[in-house]
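Protein chains in written order, with the working numbering: chain A, 129 to 388; chain B, 129 to 388.
Glycine is no exception: its CB is placed at the ideal position from the N, C-alpha and C atoms.
Please read all numbers here as calculations on a predicted model, not as lab measurements.
Heads up: the structure comes next, in structure tokens.
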DNA sequence: TAGTGGTCTAGACCACTTA
DNA sequence: AAGTGGTCTAGACCACTAG
């Protein structure tokens, strides 16, 4: 992120600088973005054709193509075969929210994960359903609390399939495993994870642990992880007080040039 | 989405079918994905080198390159210059949530937008701050209610810069403008929009309008739109009862092949 | 030094849209 | 028929990593 910023946002408006460390296709992306964000090109307008861009910027068709593909991936233009490439209007509905806003939390040295409880329990109906097992089957139950600067931030409850043959417990129990879960540095031999976010209300137990008010707003981030045979291996959810977290994003063009 | 499914998930494991309508690079992407999702390739493993893949599947370097770029974009592999391409472990933190889960709402014919109120008001401190204007400056205040099957779904409050020179009112007032805001079909001559999602609690006014309980959980989706001069033109927020909405996503490999 | 990924060329052929 | 985007080739040169 913090590389040399001697030549930020290349692409002289006029043309492509072949001496630059920035690849030609990136420069072209930035030039075209600049045209859109500055209003030279408005939503609905057609871009110059690919062959025109080739001539105009003295690059090969593949390079133009690559630049346009990137703009298309970023939702800035629409390409229609036989008609052309068009600037897209901004759609609120195209917005995406990234969980990696939480990244900073784990990088912070003042963040701490405490295991509140680990024990083997008999699964209730909901847990059995989520994990695809029978009610009363044994599962490992873990409660964790993530704090930053001594302040409670996330309360996590998780149920793991109990498999004596593959004692996943040890690795899961590491204090860092929550970080590993998020950042995937641990083994993470999962095939996939299904996540969902809901709005919820802090209950009595959560209020006590998170040191907040009963009835205050919170996010609930639920997760189910599956192994390579598509069988669930764990189910759990994070509770995060609403005043500690906010998901933010931008549609269209960010004020700074940094968007990749 | 629902095109001919005669040959779903091409790429015979063995090689690339040149007769297929599916492009070679897509077939290669699917083959490599299959290797990862089936466990043949595990997180941390190195992919065959690009020249190896060229020989193995009888395609040109650019085609291999394109396939690998796609896998890299999708967060499935990491490429390191000089070392190789590696299968990435699953990261919870890489999850993204898409607002377009709301798409279905607007496609539904039983969805209806009602304008509850429009008037010109004097901006309070918060509104003035958000819109970058002076306190007491006049703004247009709009309240809308979006219902589906007669059931309240979203409550929207919005403040627009009042500019007599450019009467944005008429177009904004159309019943469909909420849909236009989301789907960008209207003019949408905005340069960008900043969004954020918070967890919140339904207050008395909202409870009455949304026909829910005071104190129940809800999402608050706030938005500020900027024109091409980077000046705010509108600020507002949607309130959506928590039991009406849930954001879901998958990290890793979705059960069906559909992910684009 | 050998192998890897990163970029780029200068074309080619195809499918599609529009007139 | 002309113009557009979509795909693909068969190389080339470079920067980086490793032994």
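Sheet register partners of residue i (DSSP bridge)
i	result
residue 206 of chain B	B:214
residue 197 of chain A	Answer is none; residue 197 of chain A lacks a bridge partner.
residue 326 of chain A	A:348
residue 353 of chain B	B:321 and B:362
residue 242 of chain B	B:273
residue 182 of chain A	In DSSP, residue 182 of chain A forms no bridge with anything.
residue 225 of chain B	A:225
residue 247 of chain A	A:269
residue 283 of chain B	B:273 and B:367
residue 262 of chain B	In the DSSP output, where bridge partners are listed per residue, residue 262 of chain B has none listed.
residue 376 of chain B	A:324
residue 174 of chain A	A:214
residue 289 of chain A	A:267
Residue i at chain A interface by Cβ criterion, 8 Å
i	result
residue 328 of chain B	yes
residue 218 of chain B	yes
residue 163 of chain B	no
residue 175 of chain B	no
residue 324 of chain B	yes
residue 237 of chain B	no
residue 195 of chain B	no
residue 359 of chain B	no
residue 143 of chain B	no
residue 319 of chain B	yes
residue 374 of chain B	yes
Check whether residue i and residue j have beta carbons under 8 Å apart
i	j	result
residue 330 of chain A	residue 341 of chain A	yes
residue 233 of chain A	residue 290 of chain A	no
residue 288 of chain A	residue 267 of chain A	yes
residue 343 of chain A	residue 343 of chain B	yes
residue 378 of chain B	residue 201 of chain A	no
residue 152 of chain A	residue 187 of chain A	yes
residue 382 of chain A	residue 354 of chain A	no
residue 191 of chain B	residue 156 of chain B	yes
residue 212 of chain B	residue 175 of chain B	yes
residue 282 of chain A	residue 366 of chain A	yes
residue 241 of chain A	residue 274 of chain A	yes
residue 324 of chain B	residue 253 of chain A	no
residue 270 of chain A	residue 286 of chain A	yes
residue 217 of chain A	residue 171 of chain A	yes
residue 238 of chain A	residue 276 of chain A	yes
residue 351 of chain A	residue 220 of chain B	yes
residue 345 of chain B	residue 327 of chain A	yes
residue 196 of chain B	residue 164 of chain B	no
residue 222 of chain A	residue 228 of chain B	yes
residue 224 of chain A	residue 363 of chain A	no
residue 356 of chain A	residue 167 of chain B	yes
residue 251 of chain B	residue 265 of chain B	yes
Any C-beta of chain B under 8 Å from that of residue i
i	result
residue 303 of chain A	For residue 303 of chain A, the pLDDT reaches just 45, beneath the cut-off of 50, and the residue's location in the model is therefore unreliable, although a value from the coordinates is still provided. Answer no: the Cβ-Cβ gap between residue 303 of chain A and chain B never drops below 8 Å.
residue 389 of chain A	With chain A running from 129 to 388 in the structure shown, residue 389 of chain A is simply not present.
residue 379 of chain A	yes
residue 382 of chain A	yes
residue 335 of chain A	no
residue 346 of chain A	yes
residue 262 of chain A	no
residue 364 of chain A	no
TODO: Give the residues from the region 270-296 of chain B that approach chain A closer than 8 Å (Cβ to any Cβ), ordered along the chain.
DONE: Those residues of the region 270-296 of chain B that come within reach of chain A (Cβ to Cβ, closer than 8 Å) do not exist; the list is empty.
Task: Members of the region 199-233 of chain A that neighbour chain B once the beta carbon cut-off is set at 8 Å - done: 201, 216, 217, 218, 219, 220, 221, 222, 223, 224, 225, 226, 227, 228, 230 and 231
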